[in-house]
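Right, one structure below, let's go through it.
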Amino acid sequence: MGSTIIVGAGINGMLLGALLAHDGESVTIYEKNRFTGGRAFLYERGGYVMDYGVHLTRFGPESALAKIMKRIGAGVSFKRLGTSYVIDKNGSRVVFPTSPFGIVRSDMFTLYEKARLFGLLFRIKKGALNDGLMDVSLRDWMNMNNVTGGFRRYLELLSASVMVCPFFEKTSAGEMFRNLNRVFATGHSAEYPAAGWKPVHAALIREIEKAGAINCGVRVDSVIIDRGKAVGVVAGGRRVMAERVVINVPVQELFTLMPDSAFSPAYVKMCRQLVPTSGIFFDIALDKRIADYDGLLYTYSPMTYGMITSNLVDGLAPEGGQVLTMLYPTSLEDVRDGALRIQRKDELWSAIKKYFPGIEQHILWMRESSLKMVDGAQVNTTQTEENRPGTSVPGVRNLFLVGDSISSPGAGGDIGNESVLAAYAAMTGNAL
Ligand SMILES: Cc1cc2nc3c(=O)[nH]c(=O)nc-3n(C[C@H](O)[C@H](O)[C@H](O)COP(=O)(O)OP(=O)(O)OC[C@H]3O[C@@H](n4cnc5c(N)ncnc54)[C@H](O)[C@@H]3O)c2cc1C
349 MGSTIIVGAG INGMLLGALL AHDGESVTIY EKNRFTGGRA FLYERGGYVM
399 DYGVHLTRFG PESALAKIMK RIGAGVSFKR LGTSYVIDKN GSRVVFPTSP
449 FGIVRSDMFT LYEKARLFGL LFRIKKGALN DGLMDVSLRD WMNMNNVTGG
499 FRRYLELLSA SVMVCPFFEK TSAGEMFRNL NRVFATGHSA EYPAAGWKPV
549 HAALIREIEK AGAINCGVRV DSVIIDRGKA VGVVAGGRRV MAERVVINVP
599 VQELFTLMPD SAFSPAYVKM CRQLVPTSGI FFDIALDKRI ADYDGLLYTY
649 SPMTYGMITS NLVDGLAPEG GQVLTMLYPT SLEDVRDGAL RIQRKDELWS
699 AIKKYFPGIE QHILWMRESS LKMVDGAQVN TTQTEENRPG TSVPGVRNLF
749 LVGDSISSPG AGGDIGNESV LAAYAAMTGN AL
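The numbering of the sequence shown is this note's numbering, which starts it at 349 and goes up by one.
In structure tokens:
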């Protein structure tokens, strides 16, 4: 068995580490933060267990994450969400459909729009839109197909949530339809671990520590490359050697670890310029049960969504309390600019109050976060799967990349989980 160093203990670094450790490989992870989990980190305070924003897994038991957990002997079961709602354009709360019955039931559409939506979903299910639309934006596709009214708003909201991209002029229509096709193929949409994320993280750490270590609070300064081969890292000022190195750091930051002069300008540009998804989100601890919703809660204007995680899983809040999380996907420019960021936070706050008018009285504490990177890659028409860097690094042997900015199928976090399968196959020759 060999030895592998992984730079970063984000969820994808840990998923790969656990797979390798399960095979008997010696795995050493270096994580610059004092805690594991990266953008999927978990926070506990006063009996409240919070994810970092909304954290659902697309395709639930059929996801890459489920496959990996099963492989390491820590299978995860998933919970389907209950009824989802949207506060629509006119301010009324209507069902946001996640099934054919939901479409029939929802007041979001006219009868004609319902018929057209069924027609589109039938074509998506058949895979008729899987190819050829990768570089067509959702907006252009909707315009070409005269998609209007509730039908259009529904696709826009799917773009904001499935693709984490509320910019329809950018979203790749082809990638979105492929994702929806996979929902039909697997029979599973976005789902939540039935016991929450805590046991998932705990199982990964346990597995890695059987045959290795996670060193938190240790930054990797550089990857050591010798004659075109990765042979170790400089971590915390010390040289540490291994047979293979995996980088779990988003590709935009790849060249903080290696000189860009060692790579082709086109590769460097592709990595550095990859646009992430960005967003503002509030995680709120409530001292009282204020609602029974167990599905996603959308608002159309502004385009936000979230859920009460503690209604899905017992134990995420103390008896009588609740955990609410709401995300406002927005642009990098909005998050970078101080004044715009404050404006977006106010808009998110007003969206939350549309569902919960008196919520202020029951907030025990809350986190307000704005992140330049929610997901590593916005799946827009210029950043589709084939336009992102792969798991192998050109010109450097024994160096692999994992994370949600890699060329793997899906959108958002599942890109990262799929990249773990690709890296594992490239490293070991084994497919899961
Ligand atoms: C608000 C929010 C909502 C989200 N919702 C969902 C969702 O519903 N579904 C979904 O699938 N995904 C969701 N995501 C995305 C998901 O969280 C990410 O895809 C995932 O966490 C990325 O994991 P990663 O391991 O690829 O990268 P990261 O989490 O970025 O991990 C990289 C790690 O490397 C460490 N690191 C960086 N540089 C160094 C260095 N030099 N030395 C050592 N360590 C280093 C970092 O500290 C970090 O821990 C959401 C994210 C956010 C923020």
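Ideal Cβ placement from N, Cα and C applies to all residues, glycine included.
When burial is assigned at 16 or more other CB atoms within 10 Å of the CB, is Arg592 buried or exposed? Taking the first residue of the sequence shown as 1, we reach residue 592 at position 244. Result: buried.
Could you tell me which uninterrupted beta strand (DSSP E) segments, each at least 3 residues in length, are contained entirely in the segment 573–602, listed from first to last along the chain? 577–583, 586–589, 592–595
Assign Cys619 to one of three DSSP states: helix, strand, or coil. Counting from 1 along the sequence shown, the entry for residue 619 is found at position 271. DSSP places Cys619 in helix when its eight states are reduced to three.
Contact the segment 761–773 vs the segment 353–367: 3+ CB pairs below 8 Å: yes
What I want to know is whether the C-beta of Gly365 ends up closer than 7 Å to one or more non-hydrogen atoms of ligand 1. Counting from one through the sequence shown, the residue named residue 365 turns up at place 17. Gly365: no, Cβ never under 7 Å from ligand 1.
Given 7 Å as the limit, tell me if Gly748 has its C-beta closer than that to any heavy atom belonging to ligand 1. Residue mapping note: residue 748 aligns to position 400 of the sequence shown, counting from 1. The residue asked about is misnamed: residue 748 is Phe in this sequence, not Gly. No; taking the cut-off as 7 Å, the Cβ of Phe748 has no heavy atom of ligand 1 nearer than that.
Please name the residue in Tyr646, Leu368, Leu429 whose C-alpha comes closest to that of Ala561. Position 213 of the sequence shown, counting from 1, holds the residue named residue 561. Checked all of Tyr646, Leu368, Leu429; the closest Cα to Ala561 is Leu368.
Label Ser626 either buried or exposed according to how many other C-beta atoms from any shown protein chain fall within 10 Å of its C-beta, with 16 as the threshold for buried. Reading the sequence shown from its first residue, position 278 is the one you call residue 626. Ser626 comes out buried.
Across the segment 528–536 and the segment 383–397, are there enough close Cβ pairs to call them in contact, namely three or more that are closer than 8 Å? no
Per DSSP, cross-strand counterpart(s) of Asp631: On the sequence shown, position 283 is the one that residue 631 refers to. Thr673, Arg715.
Exposed or buried, Asn494, counting other C-beta atoms within 10 Å across all chains shown (16 or more means buried)? As a position in the sequence shown, residue 494 is number 146, starting the count at 1. Exposed, by the Cβ-count rule.
Are there 16 or more other CB atoms within 10 angstroms of the CB of Ile628, so buried, or fewer, so exposed? Numbered from its first residue, the sequence shown carries residue 628 at position 280. Ile628 should be labelled buried.
Same chain, Cβ closer than 6 Å to Ala770, neighbours up to 5 away in sequence not counted: Here the question's residue 770 lines up with position 422 in the sequence shown. Thr739, Ser756.
Quick check on DSSP: helix, strand or coil for Phe470? Position 122 of the sequence shown holds residue 470. Note: Phe470 maps to helix in three-state DSSP.
Contact with chain C by Pro607, beta-carbon distance below 8 Å: The displayed structure is made up of one protein chain only, and chain C is not part of it.
If you run the structure through DSSP and keep just helix, strand and coil, what is Ser740? Counting from 1 along the sequence shown, the entry for residue 740 is found at position 392. In this structure, Ser740 counts as strand in the three-state DSSP scheme.
Within its chain, find whatever has a CB closer than 6 Å to the CB of Ala779; leave out the 5 residues flanking it on each side and keep chain order. Start at 1 with the first residue of the sequence shown, and residue 779 comes out as number 431. Same-chain partners within the cutoff: Ala773.
Could you tell me whether the Cβ atoms of Glu555 and Ile353 are closer together than 8 Å? Numbered from its first residue, the sequence shown carries residue 555 at position 207. Numbered from its first residue, the sequence shown carries residue 353 at position 5. Result no, Cβ atoms of Glu555 and Ile353 do not sit closer than 8 Å.
Are at least three pairs of beta-carbons, each pair with one atom in the segment 638–651 and one in the segment 504–524, less than 8 Å apart? yes
Ile763 by DSSP, collapsed to three states: which one? For the purposes of this step, residue 763 is identified with residue 415 of the sequence shown, where counting begins at 1. Of the three classes helix, strand and coil, the one that applies to Ile763 here is helix, per DSSP.
Counting C-beta neighbours from all protein chains within 10 Å, is the total for Ser425 16 or more, i.e. buried, or is it exposed? As a position in the sequence shown, residue 425 is number 77, starting the count at 1. By the 10 Å Cβ count, Ser425 comes out exposed.
If you run the structure through DSSP and keep just helix, strand and coil, what is Arg530? One-based indexing of the sequence shown puts residue 530 at position 182. Note: Arg530 maps to helix in three-state DSSP.
With hydrogens ignored, establish whether the beta-carbon of Tyr400 is closer than 7 Å to any heavy atom of ligand 1. Reading the sequence shown from its first residue, position 52 is the one you call residue 400. Yes; taking the cut-off as 7 Å, the Cβ of Tyr400 has a heavy atom of ligand 1 nearer than that.
Excluding five sequence neighbours on each side, which residues of the same chain lie with their C-beta closer than 6 Å to the C-beta of Ser509? Looking up residue 509 in the sequence shown gives position 161. Only Tyr653 meet the Cβ criterion.
For Asp694 versus Leu688, is the C-beta spacing smaller than 8 Å? Along the sequence shown, one-based indexing puts residue 694 at 346. Along the sequence shown, one-based indexing puts residue 688 at 340. No, the pair does not count as a contact, with Cβ atoms beyond the cut-off.
Should Ala538 and Thr405 be called a contact, given that it needs their Cβ atoms to be closer than 8 Å? Translated into positions along the sequence shown, residue 538 becomes position 190. Translated into positions along the sequence shown, residue 405 becomes position 57. Yes, the pair counts as a contact, with Cβ atoms nearer than the cut-off.
Compare the Cα-Cα distances from Pro448 to each of Ile435, Asp436, Ser440, Thr431 and report the closest residue. One-based indexing of the sequence shown puts residue 448 at position 100. Comparing Cα positions, the closest option is Thr431.
Extent of the continuous beta strand (DSSP E) run through Phe796: Given a span of 349 to 780 for the chain in the structure shown, any question on residue 796 remains unanswerable.
By the three-class DSSP mapping on this structure, what secondary structure does Thr776 have? Working through the sequence shown from its first residue, we reach residue 776 at position 428. Thr776: helix per DSSP, three-state reduction.
Could you give the distance in angstroms between the alpha-carbon of Gly724 and the alpha-carbon of Glu461? Counting from 1 along the sequence shown, the entry for residue 724 is found at position 376. Counting from 1 along the sequence shown, the entry for residue 461 is found at position 113. Approximately 34 Å between the Cα atoms of the pair.
What is the DSSP secondary structure of Met492, counted as helix, strand or coil? As a position in the sequence shown, residue 492 is number 144, starting the count at 1. Reduced to three states, the DSSP call for Met492 is helix.
Alpha helix (DSSP H) segment containing Tyr502, residue limits: Stepping through the sequence shown from its first residue, residue 502 is reached at position 154. That run of the alpha helix (DSSP H) goes 497–510.
8 Å Cβ cutoff met for Thr657 and Ala699: If you number the sequence shown from 1, residue 657 lands on position 309. If you number the sequence shown from 1, residue 699 lands on position 351. No, Cβ-Cβ distance for Thr657 and Ala699 is not below 8 Å.
Take Pro742 as the anchor and find which of Leu468, Pro613, Lys415, His536 has the nearest alpha-carbon. Walking along the sequence shown from the start, residue 742 turns up at place 394. Comparing Cα positions, the closest option is Pro613.
Report the three-state DSSP secondary structure of Ala521 (helix, strand or coil). In the sequence shown, residue 521 corresponds to position 173, counting from 1. Helix, per DSSP.
According to DSSP, is Met655 helix, strand or coil? Along the sequence shown, read from residue 1 onward, the residue named residue 655 stands at position 307. In the structure shown, Met655 sits in a strand (DSSP, three-state: E or B).
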